[in-house]
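Report on the structure given below.
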Amino acid sequence: MSTHPSPSPRAAERTRSHGPTPAGGVAGWALSALAFGQAAVGAWAAVWPHSFFDAFPGLGLRWVIGDGPFNEHLTRDVGGLSLSLAVLTVAAVRTAGQVSGRWLALAWEAYAVPHLAFHIVHLDHLDRRVDQVSSLVALSVSVGVPLIYALAWRRAGADDARRAR
1 MSTHPSPSPR
11 AAERTRSHGP
21 TPAGGVAGWA
31 LSALAFGQAA
41 VGAWAAVWPH
51 SFFDAFPGLG
61 LRWVIGDGPF
71 NEHLTRDVGG
81 LSLSLAVLTV
91 AAVRTAGQVS
101 GRWLALAWEA
111 YAVPHLAFHI
121 VHLDHLDRRV
131 DQVSSLVALS
141 VSVGVPLIYA
151 LAWRRAGADD
161 ARRAR
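Shown next as C-alpha cells:
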C-alpha cells in the first residue's frame with residue numbers, strides 16, 4: 001500500500017491529457033523574459049533589417065556590423081526565425097502541459113548552442129571587451145534558461161508520476 005497521497009482528480013486528468021506541467025514561477029517568468037527578448041530581436045531584424053545590422057543590440061553595443069557585409073535577406077530570415085521561436089515559447093508557457101518542455105528546450109538548444117559556439121570562436125569581429133563579454137553572457141542565457149526549464153519539466157513529471165502511484 002502506498003503512503004503517497006493520491007493526486008487530485010484535476011492533477012491526474014492534467015497528467016493523463018497533457019503530461020506534467022513544468023515548475024511555474026521562476027521557470028515561467030524566465031521563459032517569458034526569453035520569449036519577450038527573442039520577439040523584440042526578431043521584430044527588429046524582420047522589420048528594420050538595416051537598423052538591426054548597424055546597431056544590434058543597442059545601448060552603444062554593436063555586435064553584428066563587424067561580421068561582414070549587410071545581407072537583407074539573411075537578416076530578415078533571422079528575424080522571422082527568432083519570432084517563430086518566441087511564439088513557440090509563449091505557447092509553451094501559456095499552455096503548460098500541451099507543449100512538452102523537452103521539445104521546447106530542444107528547439108531552443110538547436111538554435112542557441114551553435115549560435116553560442118560560433119560566437120565563442122569568432123570573437124575577433126568585436127573590438128571591445130565589453131561587446132565580447134556581454135554577447136557571450138546573453139548567448140549563454142539562451143542556452144541556460146531552456147535547460148533549466150527542461151529540468152523543471154522533468155522534475156514535474158517525476159513528481160506527478162510519484163503522486164500517481
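Sequential numbering from 1 applies to the sequence shown in our numbering. Don't be surprised by glycine CBs; every beta carbon is placed ideally from N, CA and C.
Extent of the continuous alpha helix (DSSP H) run through residue i
i, result
"residue 29", "26-47"
"residue 88", "72-94"
"residue 108", "101-121"
Contact check, residue i vs residue j, beta carbons under 8 Å
i, j, result
"residue 76", "residue 45", "yes"
"residue 86", "residue 42", "yes"
"residue 89", "residue 35", "yes"
CA-to-CA distance, residue j to residue i, given in whole angstroms
i, j, result
"residue 66", "residue 126", "7 Å"
"residue 120", "residue 96", "33 Å"
"residue 33", "residue 79", "17 Å"
"residue 56", "residue 64", "6 Å"
"residue 134", "residue 154", "30 Å"
"residue 40", "residue 61", "16 Å"
"residue 17", "residue 101", "A caution first: residue 17 carries a pLDDT of 44, below 50, which makes its placement in the model unreliable, though a value can still be read off. Whole-angstrom Cα-Cα distance: 15 Å."
"residue 27", "residue 92", "11 Å"
"residue 31", "residue 54", "28 Å"
"residue 151", "residue 108", "14 Å"
"residue 83", "residue 122", "25 Å"
"residue 143", "residue 68", "25 Å"
"residue 73", "residue 81", "12 Å"
"residue 132", "residue 141", "15 Å"
"residue 48", "residue 38", "15 Å"
"residue 23", "residue 103", "Residue placement at residue 23 is flagged as unreliable, the pLDDT there being 46, under the threshold of 50; a coordinate-derived value is accordingly withheld."
"residue 149", "residue 71", "34 Å"
"residue 146", "residue 110", "11 Å"
"residue 128", "residue 116", "18 Å"
"residue 50", "residue 29", "31 Å"
"residue 136", "residue 130", "10 Å"
"residue 114", "residue 25", "29 Å"
Starting from the N-terminal side, write out each stretch of the alpha helix (DSSP H) that is 4 residues or longer and does not extend beyond the segment 127-158. none
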